[in-house]
């Protein structure tokens with residue numbers, strides 16, 4: 217597996233299956249690596265070494281494993297993948313541009 221940048225969360229519930237996603241913020245997320253058993257272990261190890269978030273969901277990983285490499289996530293999986301991306305953002309201490317969590321106001325509004 218090539219370098220694993222932070223915008224590439226990995227979905228998997230165990231070393232038996234792992235799926236790496238890439239999300240650039242402009243297009244739908246894509247499956248960029250996937251594997252079972254030894255390849256899954258390598259994907260997970262590479263992700264851990266690069267500080268890439270691991271989202272533990274075996275069922276979602278099984279569904280994502282059906283998507284060909286390089287293909288965008290289908291629309292019916294957007295909600296599930298949005299949770300994965302939100303998880304990755306939270307772990308990285310980021311929020312999407314223009315997002316204000318409920319109960320918080322923009323600093324400019326308070327000035």
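Residue numbers (our numbering): 217 to 327.
Glycine included, C-beta positions come from ideal geometry on N, C-alpha and C.
Please read these numbers as outputs of a predicted model, since none were measured by experiment.
Starting from residue i, trace the beta strand (DSSP E) both ways and give me its first and last residue.
i: residue 279; result: It is not in any beta strand (DSSP E) - residue 279 instead sits in the alpha helix (DSSP H) that spans 274-280.
i: residue 255; result: First-last for residue 255: 254-266, but that is the alpha helix (DSSP H), not the beta strand (DSSP E).
i: residue 283; result: Neither: residue 283 is in no beta strand (DSSP E) and is coded neither H nor E.
i: residue 235; result: 233-238
When we look at the beta-carbon of residue i and count the other beta-carbons within 10 Å, is it buried (16 or more) or exposed?
i: residue 298; result: exposed
i: residue 274; result: exposed
i: residue 306; result: exposed
i: residue 276; result: buried
i: residue 310; result: exposed
i: residue 280; result: buried
i: residue 272; result: exposed
Mind checking which residues open and close the alpha helix (DSSP H) that includes residue i?
i: residue 304; result: 294-308
For residue i, which residues in the same chain have their Cβ closer than 6 Å to its Cβ, ignoring the five residues on either side in sequence?
i: residue 218; result: Since pLDDT at residue 218 reaches only 43, below the 50 mark, its modelled position is unreliable, and the value read off the structure follows with that caveat. Taken in chain order, the list of residues that qualify is empty.
For residue i, which residues in the same chain have their Cβ closer than 8 Å to its Cβ, ignoring the five residues on either side in sequence?
i: residue 287; result: 246, 247
For residue i, which residues of its own chain have a beta-carbon under 7 Å away from its beta-carbon, when the five flanking residues on both sides are left out?
i: residue 327; result: Note that residue 327 scores a pLDDT of 47, beneath 50, so its modelled location is shaky; the value from the coordinates is reported in the next line. Taken in chain order, the list of residues that qualify is empty.
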